[in-house]
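Student:
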Amino acid sequence: MPGTLSALSASVAANPRILQAKPSVNLFLVRYMRKFNVRKVGGHLILHSHLPPLNSRAYARFVDEHLLGGSPGPSHAQVGLTNACPQRCVYCYNRDRSGRRMDTPAILRTVEALRKMGVVWLGLTGGEPLLNKDIAAIIRHASEDCAVKLFTTGCGLTPALASDLKAAGLYSVCVSLDHWEAEVHDRGRGYPGAFREALRAVETFKAAGLDTGVSAVLSKEMIRSGLTEAFLDFLQSLEVDEAWLSEAKPSVQAFWKEDLVITEAERDLLAETQDRWNKRGRMTVNYLGHFESGRHFGCNAGTKMIYVDAFGEVSPCVFAPMTFGNVHDAPVEDIWSRMRAEFSPASACFTNANFRLFPKYSAGRMPIPPEDSVALVREAPFTPPGKFVRLVNGRRRDKS
Ligand code: SF4
């Protein structure tokens, strides 16, 4: 049974101040939370891993700073720890990025600044973040009041490293796995043995006692042919805690094609699949397009979400191939302010809705440089904000 009462009672017990939010906001949260089962891992009460644990300091900060405090800062961030990776995914949002990589002091400074700006959920990405030898120290630096999540291929993981990451305060991990057939997964990743490495990593993270999920990029082919269910059956057989699903995004030039971009009807279908699976009460299914749909939190690229890649380029989201500045040249706070001034919360995914503008402003450069990114956003139409943002703000905030 979906965990309405347990999720709500855990959330309210840990954060009674949440009752100061508008009744309409709390009603929204009741309806949203009832779609998921709360799982308990290592003392954490987890609705799904795109939100901090309901009983954590990070979630309390989300309530205080964002829900009640109206913070203008981001709540969610992703930071690239390296662009090095043994795999070559066709859809990788980082494959065309380059530059002077952030060293560990620069990463720590950036993470610290992001926390102070309001970030309560930090995704560590790459490249393959496990290749950064300072990953445990970076997690330790952030995890006291911020939920730190790791996205990894699993390459390079050892039992000792998994234990170190847990001891450093890692909240949750997602191992990339896109298909139940080894050959198909390996081909998409351009790496023979990727499937075997991923399965080994799932076992190793679970043995370390970490909240362990699989992040899967669903191809149009899988979605259209109705094979998502078969894939979820496979993931459940691995006994992972969560299936974190997203579709292939038009982040790189090879995907700037109409027939490769998911339709709204297909997104609705995946959201229904998520809800159906969660009613079964076993593995959590967490489809990003459900969380970010207009009916829920909407797209908050550049308004609540920020991405700093391994070279210090600042983007509104990992999937938006644009930069608004580099932390080597300016404080991340200043870049955020400039970027945020150009964006509005929306009900449609910015990248899915505006990829047709990318060729015009890219001219072969990735990510699109700041002045062209500004021009692109000014040309982009913005849909009204997602329902949660409308309820919290109490009015529509359109860019146009
Ligand atoms: S652009 Fe798309 S993927 Fe990025 S934050 Fe918005 S909805 Fe999410």
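Using our numbering, read the sequence shown as starting at 70 and increasing by one per residue.
The C-beta atom is built at its ideal place from N, Cα and C for all residues, glycine as well.
Between the beta-carbon of Ala379 and the beta-carbon of Leu96, is there less than 8 Å?
Tutor: Here residue 379 corresponds to residue number 310 of the sequence shown, with the count starting at 1. Here residue 96 corresponds to residue number 27 of the sequence shown, with the count starting at 1. Their beta carbons are not under 8 Å apart, which means Ala379 does not touch Leu96 by this criterion.
Student: Could you compute how far the alpha carbon of Arg157 sits from the alpha carbon of Tyr260?
Tutor: As a working note, residue 157 is residue 88 in the sequence shown. As a working note, residue 260 is residue 191 in the sequence shown. Cα to Cα, Arg157 sits roughly 7 Å from Tyr260.
Student: Which residues have a Cβ closer than 5 Å to any heavy atom of the ligand SF4, listed in chain order?
Tutor: Chain-ordered, the residues whose CB falls short of 5 Å from any heavy atom of the ligand SF4 come out as Glu361, Cys368, Ala370, Met374, Cys386, Phe388, Cys418, Phe419, Thr420.
Student: Tell me the start and end of each unbroken beta strand (DSSP E) in the segment 346 to 431 that is at least 3 residues and wholly inside, in chain order.
Tutor: The segment 346 to 431 contains, as complete beta strand (DSSP E) runs of 3+ residues, the segments 353 to 356, 374 to 377 (chain order).
Student: Which one of Gly358, Ala334, His210 has the shortest CA to CA distance from Leu191?
Tutor: Counting from 1 along the sequence shown, the entry for residue 191 is found at position 122. Cα-wise, what sits closest to Leu191 is His210.
Student: Check whether the Cβ atoms of Trp405 and Met171 sit closer than 8 Å, and answer yes or no.
Tutor: As a first step, residue 405 is located in the sequence shown; it is residue number 336 there, counting from the start. As a first step, residue 171 is located in the sequence shown; it is residue number 102 there, counting from the start. No, the Cβ-Cβ distance between Trp405 and Met171 is not below 8 Å.
Student: Met435 and Pro390 look like a contact to me (Cβ under 8 Å); what is the Cβ gap, rounded to whole Å?
Tutor: In the sequence shown, counting from the first residue as 1, residue 435 sits at position 366. In the sequence shown, counting from the first residue as 1, residue 390 sits at position 321. Correct: roughly 5 Å between the Cβ atoms.
Student: Report all residues from its chain with a CB closer than 6 Å to the CB of Ala237; omit the five preceding and five following residues, and keep chain order.
Tutor: By one-based count along the sequence shown, residue 237 stands at place 168. Cβ within range, chain order: Ala205, Ile208, Arg209.
Student: Quick test of the definition: if touching needs 3 or more C-beta pairs under 8 Å, does the segment 339 to 359 touch the segment 288 to 299?
Tutor: yes
Student: Can you tell me which residues form a DSSP beta bridge with Ile437?
Tutor: Reading the sequence shown from its first residue, position 368 is the one you call residue 437. Bridge pairing for Ile437: Met391 [DSSP].
Student: Which residue's Cα is closest to the Cα of Val354: Tyr430, Leu304, Ala263, Leu177?
Tutor: By 1-based counting over the sequence shown, the position of residue 354 is 285. The candidate whose alpha carbon is nearest that of Val354 is Leu304.
Student: Report the rounded CA-to-CA distance for Val321 versus Arg447, giving the unit in angstroms.
Tutor: As a working note, residue 321 is residue 252 in the sequence shown. As a working note, residue 447 is residue 378 in the sequence shown. Roughly 21 Å between the two C-alpha positions.
Student: Return helix, strand or coil for Arg256, following the three-state DSSP convention.
Tutor: For the purposes of this step, residue 256 is taken as residue 187 along the sequence shown, with counting starting at 1. Residue state, collapsed to three classes: helix.
Student: In whole angstroms, what is the alpha-carbon distance linking Gly195 and Thr221?
Tutor: Locating residue 195 in the sequence shown gives position 126, where the first residue counts as 1. Locating residue 221 in the sequence shown gives position 152, where the first residue counts as 1. Rounded to whole angstroms, Gly195 to Thr221 spans 8 Å at the Cα level.
Student: Considering only their Cβ atoms, is the gap separating Gly394 from Arg407 smaller than 8 Å?
Tutor: The sequence position of residue 407 within the sequence shown is 338, counting from 1. The sequence position of residue 394 within the sequence shown is 325, counting from 1. Yes, they are a contact pair.
Student: Measuring CA to CA, which of Glu382, Val387, Ala216 is closest to Ala399?
Tutor: Against the sequence shown, residue 399 aligns to sequence position 330. Nearest C-alpha to Ala399: Glu382.
Student: Can you find the residues in the same chain that come closer than 7 Å, C-beta to C-beta, to Asp203, ignoring five residues on each side of it along the sequence?
Tutor: In the sequence shown, residue 203 corresponds to position 134, counting from 1. Closer than 7 Å at Cβ, skipping near neighbours: Thr173.
Student: Take Ala444 and list the residues in its own chain whose beta-carbon comes closer than 8 Å to its own, dropping the five residues that flank it on each side.
Tutor: Residue 444 sits at position 375 when you count from the first residue of the sequence shown. Excluding residues within five positions, the ones whose Cβ falls inside 8 Å are Tyr430.
Student: Does the Cβ of Pro414 have 16 or more other Cβ atoms within 10 Å, making it buried, or fewer, making it exposed?
Tutor: The residue you call residue 414 lines up with position 345 of the sequence shown. Buried.
Student: I'd like the span of the alpha helix (DSSP H) that includes Thr452, first residue to last.
Tutor: In the sequence shown, counting from the first residue as 1, residue 452 sits at position 383. Run containing Thr452: none; DSSP gives neither H nor E here.
Student: Taking 8 Å as the threshold (C-beta atoms), are Ala79 and Leu123 in contact?
Tutor: Here residue 123 refers to the residue found at position 54 of the sequence shown. Here residue 79 refers to the residue found at position 10 of the sequence shown. Taking 8 Å as the Cβ cut-off, Leu123 and Ala79 qualify as a contacting pair.
Student: Taking Tyr162 as the reference, give the member of Val286, Thr281, Tyr101 with the closest Cα.
Tutor: As a first step, residue 162 must be located in the sequence shown, where it is residue number 93. If you compare the alpha carbons of Val286, Thr281, Tyr101 with that of Tyr162, the shortest gap goes to Val286.
Student: For Asn347, count neighbouring Cβ atoms within 10 angstroms of its own Cβ and tell me buried if that reaches 16, exposed if not.
Tutor: In the sequence shown, counting from the first residue as 1, residue 347 sits at position 278. Classification of Asn347: buried, given that the 10 Å Cβ count is 16 or more.
Student: Can you tell me whether Leu77 is helix, strand or coil according to DSSP?
Tutor: Locating residue 77 in the sequence shown gives position 8, where the first residue counts as 1. Of the three classes helix, strand and coil, the one that applies to Leu77 here is helix, per DSSP.
Student: Relative to the alpha-carbon of Lys326, which residue among Arg425, Met352, Glu335 has its alpha-carbon at the smallest distance?
Tutor: Start at 1 with the first residue of the sequence shown, and residue 326 comes out as number 257. Ranking Arg425, Met352, Glu335 by Cα distance to Lys326 puts Arg425 first.
Student: Just to confirm my understanding: we take Leu301, look at its own chain, exclude 5 residues before and 5 after, and list those with CB closer than 7 Å. What are they?
Tutor: Position 232 of the sequence shown, counting from 1, holds the residue named residue 301. Taken in chain order, the residues that qualify are Ala312, Trp346, Val354.
Student: Have a look at Ser167 and Ile437 and give me their C-alpha separation to the nearest angstrom.
Tutor: To locate residue 167, count along the sequence shown from 1; it is residue 98. To locate residue 437, count along the sequence shown from 1; it is residue 368. The C-alpha of Ile437 is placed about 12 Å away from the C-alpha of Ser167.
Student: If Leu219 and Leu230 are in contact, beta carbons under 8 Å, what's the gap, nearest whole angstrom?
Tutor: The sequence position of residue 219 within the sequence shown is 150, counting from 1. The sequence position of residue 230 within the sequence shown is 161, counting from 1. Contact doesn't hold; Cβ gap of about 11 Å is too wide.
Student: For the beta strand (DSSP E) containing Leu137, list its first residue and its last residue.
Tutor: Taking the sequence shown and counting its residues from 1, one reaches residue 137 at position 68. Per DSSP, Leu137 belongs to no beta strand (DSSP E) and is neither H nor E.
Student: Going by DSSP, which residues form a beta bridge with Cys243?
Tutor: Within the sequence shown, numbered from 1, the residue matching residue 243 stands at position 174. In DSSP, Cys243 forms a bridge with Phe220, Gly282.
Student: For Ser164, which of helix, strand or coil comes out of DSSP?
Tutor: Counting from one through the sequence shown, the residue named residue 164 turns up at place 95. First, the amino acid is wrong: residue 164 is Arg here, not Ser. Here Arg164 carries a coil assignment [DSSP, helix/strand/coil].
Student: Taking 7 Å as the cut-off, does the CB of Gly463 come closer than this to any heavy atom belonging to the ligand GTP?
Tutor: As for the ligand GTP, it is missing from this structure, which binds only the ligand SF4.
Student: Count the other CB atoms, across all protein chains shown, that sit within 10 Å of the CB of Ser306; report buried if there are 16 or more and exposed otherwise.
Tutor: By one-based count along the sequence shown, residue 306 stands at place 237. Classification for Ser306: exposed.
Student: What number of angstroms, rounded off, separates the C-alpha of Lys109 from the C-alpha of Asp280?
Tutor: Residue numbering aside, residue 109 sits at position 40 when the sequence shown is read from its first letter. Residue numbering aside, residue 280 sits at position 211 when the sequence shown is read from its first letter. Rounded to whole angstroms, Lys109 to Asp280 spans 9 Å at the Cα level.
Student: At the level of alpha carbons, what is the spacing between Pro228 and Arg364?
Tutor: For the purposes of this step, residue 228 is identified with residue 159 of the sequence shown, where counting begins at 1. For the purposes of this step, residue 364 is identified with residue 295 of the sequence shown, where counting begins at 1. If you take the alpha carbons of Pro228 and Arg364, they lie about 41 Å apart.
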